[in-house]
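Asks: Before anything else, here's the structure in question.
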Amino acid sequence: MSETILTGIEAIQAILAPALGISATALLLLSMQNRYSLIVNRLRALTEERRRYYNKIANNEEPGHYEQVRYSSISTQIKRLFVRCRELRNAILYVQGSILLFVVTSILISVNIFYSSHLLRILPLIIFSVGMIFVLIGIVYSATDVINSYKVAEIEVKGE
Numbered sequence: 098m099s100e101t102i103l104t105g106i107e108a109i110q111a112i113l114a115p116a117l118g119i120s121a122t123a124l125l126l127l128s129m130q131n132r133y134s135l136i137v138n139r140l141r142a143l144t145e146e147r148r149r150y151y152n153k154i155a156n157n158e159e160p161g162h163y164e165q166v167r168y169s170s171i172s173t174q175i176k177r178l179f180v181r182c183r184e185l186r187n188a189i190l191y192v193q194g195s196i197l198l199f200v201v202t203s204i205l206i207s208v209n210i211f212y213s214s215h216l217l218r219i220l221p222l223i224i225f226s227v228g229m230i231f232v233l234i235g236i237v238y239s240a241t242d243v244i245n246s247y248k249v250a251e252i253e254v255k256g257e
């Protein structure tokens, strides 16, 4: 009887092991989604500001030098922020994909307990490895966003 209990405990441990990957990537996902939300809100604000300059030009009001420089800065920032938005979207999708793969890994491990075959023994490892590669790709996209965030801040400060 003690062997059955131990086997059950080992099975539960094996099934829950990918949950560590889920927890870790969920924390990454939370920070990425927060940054993504901030970028989207900033894009909306800059687009609204740019729209005000369009209206001024449409009403035949002559924009001053400062407004022309600001308009140019806004246009550059929007382009850069859109690139950041795309990079973070990709990072989020890869990290979400990794969470999905970790869940599939847990399911395959539990199926393997009841129905064992050569494919079911190796498939969880392959799926888990692909999930880890997705996490790596997501982190690379996220790091690229961090690099580009500095460039956008620099444009804002210089007013280019």
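Everything in the sequence shown is counted per our numbering, starting at 98 for the first residue and increasing by one. Ideal Cβ placement from N, Cα and C applies to all residues, glycine included.
#1: Mind the definition here: the region 212-230 touches the region 134-151 only if three or more C-beta pairs lie below 8 Å; say whether that holds.
#2: Strictly under 9 Å for the Cβ-Cβ distance: is Lys248 near chain B by that measure?
#3: For Tyr212, which of helix, strand or coil comes out of DSSP?
#4: Classify Leu103 as helix, strand or coil using the three-state DSSP reduction.
#5: Roughly how many angstroms separate the alpha carbons of Leu113 and Glu107, rounded to a whole number?
#6: I believe Ile189 touches Leu126 by the beta-carbon criterion, under 8 Å. Please report the beta-carbon distance rounded to the nearest angstrom.
#7: If you count every other CB in all the chains shown that lies within 10 Å of the CB of Asn138, and 16 or more means buried, which is it?
#8: Please list, in chain order, all residues of the same chain as Pro115 whose beta carbon is under 7 Å from its beta carbon, the five residues on each side excluded.
#9: Could you tell me whether the Cβ atoms of Ala123 and Ile196 are closer together than 9 Å?
#10: Tell me whether Asn209 is buried or exposed, calling it buried when 16 or more other Cβ atoms sit within 10 Å of its Cβ.
#11: For Leu178 and Ser169, I'd like the C-alpha separation in whole angstroms.
Replies: So, from the listed chains and residues:
#1: no
#2: Checking the listed chains, one finds no chain B in this structure; it contains a single protein chain.
#3: The residue you call residue 212 lines up with position 115 of the sequence shown. Three-state DSSP puts Tyr212 in coil, outside helix and strand.
#4: Working through the sequence shown from its first residue, we reach residue 103 at position 6. Caution is warranted here: a pLDDT of 45 is assigned to Leu103, below 50, making its placement in the model unreliable, and the coordinate value is therefore given only provisionally. Of the three classes helix, strand and coil, the one that applies to Leu103 here is helix, per DSSP.
#5: Position 16 of the sequence shown, counted from the first residue, corresponds to residue 113. Position 10 of the sequence shown, counted from the first residue, corresponds to residue 107. If I take the Cα positions, the gap works out to 10 Å.
#6: Position 92 of the sequence shown, counting from 1, holds the residue named residue 189. Position 29 of the sequence shown, counting from 1, holds the residue named residue 126. Yes, Ile189 and Leu126 are in contact; Cβ-Cβ is about 7 Å, under 8 Å.
#7: Residue mapping note: residue 138 aligns to position 41 of the sequence shown, counting from 1. When all chains shown are included, Asn138 counts as exposed.
#8: Residue mapping note: residue 115 aligns to position 18 of the sequence shown, counting from 1. So the qualifying residues of the chain are Phe199, Thr202, Ser203 and Phe225.
#9: By one-based count along the sequence shown, residue 123 stands at place 26. By one-based count along the sequence shown, residue 196 stands at place 99. Contact flag set, yes.
#10: On the sequence shown, position 112 is the one that residue 209 refers to. The residue is buried, with at least 16 neighbouring Cβ atoms inside 10 Å.
#11: Your numbering for residue 178 matches position 81 in the sequence shown. Your numbering for residue 169 matches position 72 in the sequence shown. If you take the alpha carbons of Leu178 and Ser169, they lie about 14 Å apart.
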